[in-house]
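Counted from 1, the sequence shown has number 52 at position 53 by numbering that gives the first Met the number 0; the numbering is strictly sequential. These notes are about the structure you will find just below.
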Amino acid sequence: MAVIDVSENDFQQEVIERSHSVPVVVDFWAEWCAPCRMLGPLLEKAAAAREGKVVLAKVDTDANPMLSQAFGIQGIPAVKAFRDGRVADEFVGAQPPAQVEQFFDSLVPSEADDLVESGDEASLRRALELEPGRADAALALAGMLRRQGDSDAALELLDNVAGSFRADGLAARIRLERDPQVDLTSAWRALDDGRREEAVELLLEAVPSADGHKDDLRAVIVAILDELGVDHPLSREARRRLAAALY
């Protein structure tokens, strides 16, 4: 059911509560509104094409004045997209078909999104065919290839990712693991076991004596801290110590 009529009596259930499981696009319209009659079929077509992934709820503003007042509707057509109980995006006035499609696309996971969510090797490869250089897909696939022993292929994937601390960190780890003169076994074991604070400590201890490898160590540490987030208690102190060890 891609399109539903909603009133003041069931708006809470059909829009607010439903939006916690699927995006709900609300079309505030009226029978006398000519732009509404132009926009309505475009919204319905876009919703029907994404049935099961988005719901279009139509609200007659004449019959539901309290809803119009509650959401500050001053001109129609007014379109509001709800996700997790809140307005996630909106626009006012008739829009061309391409803009309507773009609006819906922003709410609904793409094919690549679904493939990354699946997480198996074939799906990740297909996601990268659709969106080359996509960081989350490349990271997941490169991690698989590294564990399978194909570090060359993993590095090639990561080389195509721009602006990702985690991709840079994984590539640096692979290079360090391939160097027989570098022994960071304890740090890697801690990292793989989820003991990230211990891993950071061991990596920081290795920096001062890591001639020729400091930049790769830096990249691995920065990647771990990026994953932890700037608000994590470890982040600020670890960054200070890393800067001191490097400079």
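Glycine included, each C-beta is placed from N, C-alpha and C at the ideal position.
Cα-Cα separation, residue i to residue j
i: glutamate 67; j: valine 14; result: With the sequence shown as reference, residue 67 is identified as serine, and glutamate is not the correct amino acid for it. Each residue's alpha carbon lies about 14 Å from the other.
i: aspartate 119; j: leucine 140; result: 8 Å
i: cysteine 32; j: phenylalanine 103; result: 22 Å
i: glycine 172; j: arginine 49; result: Note on residue identity: the sequence assigns arginine, not glycine, to residue 172. Computed Cα separation, rounded: 41 Å.
i: alanine 161; j: alanine 137; result: 11 Å
i: arginine 238; j: proline 207; result: 15 Å
i: glutamate 43; j: phenylalanine 164; result: 41 Å
i: glutamate 110; j: isoleucine 75; result: 32 Å
i: glutamine 147; j: aspartate 191; result: 15 Å
i: glutamate 226; j: isoleucine 220; result: 10 Å
i: aspartate 9; j: glutamate 16; result: 10 Å
i: arginine 85; j: leucine 203; result: 43 Å
i: alanine 242; j: proline 95; result: 52 Å
i: isoleucine 223; j: alanine 186; result: 12 Å
i: aspartate 112; j: glycine 51; result: 16 Å
Integer Cβ distance of residue i from residue j, believed to fall under 8 Å
i: alanine 134; j: alanine 170; result: Not confirmed; about 12 Å, so no contact.
i: alanine 56; j: valine 25; result: 5 Å
i: leucine 233; j: glutamate 197; result: Rounded, the Cβ-Cβ distance is 10 Å, inconsistent with contact.
i: alanine 45; j: valine 99; result: 5 Å
i: alanine 69; j: serine 6; result: In fact, because the Cβ distance is near 13 Å, the residues do not count as touching under 8 Å.
i: valine 58; j: valine 23; result: Not a contact, Cβ separation roughly 11 Å.
i: arginine 217; j: leucine 175; result: Arginine 217 to leucine 175, Cβ: 11 Å. No contact.
i: leucine 123; j: leucine 114; result: 7 Å
Nonlocal neighbours in the same chain, by C-beta distance under 6 Å from residue i, ignoring five residues either side
i: asparagine 159; result: Gly132
i: leucine 144; result: Ala152, Ala153
i: phenylalanine 90; result: Val78
Residue i, enclosing alpha helix (DSSP H) - first and last residue
i: valine 199; result: 195 to 205
i: isoleucine 15; result: Isoleucine 15 -> no alpha helix (DSSP H), and no H or E assigned at all.
i: alanine 134; result: 134 to 146
i: glutamate 110; result: 110 to 117
Endpoints, the beta strand (DSSP E) within which residue i is located
i: lysine 44; result: Lysine 44 -> not in any beta strand (DSSP E); alpha helix (DSSP H) instead, spanning 33 to 48.
8 Å Cβ shell around residue i - same chain, five flanking residues per side excluded
i: alanine 87; result: Pro22, Ala80, Phe81, Leu106
i: aspartate 178; result: His212
i: arginine 188; result: none
Neighbourhood of residue i by C-beta distance below 7 Å, restricted to the same chain and skipping five residues each side
i: alanine 93; result: Pro34, Met37, Leu38, Pro76
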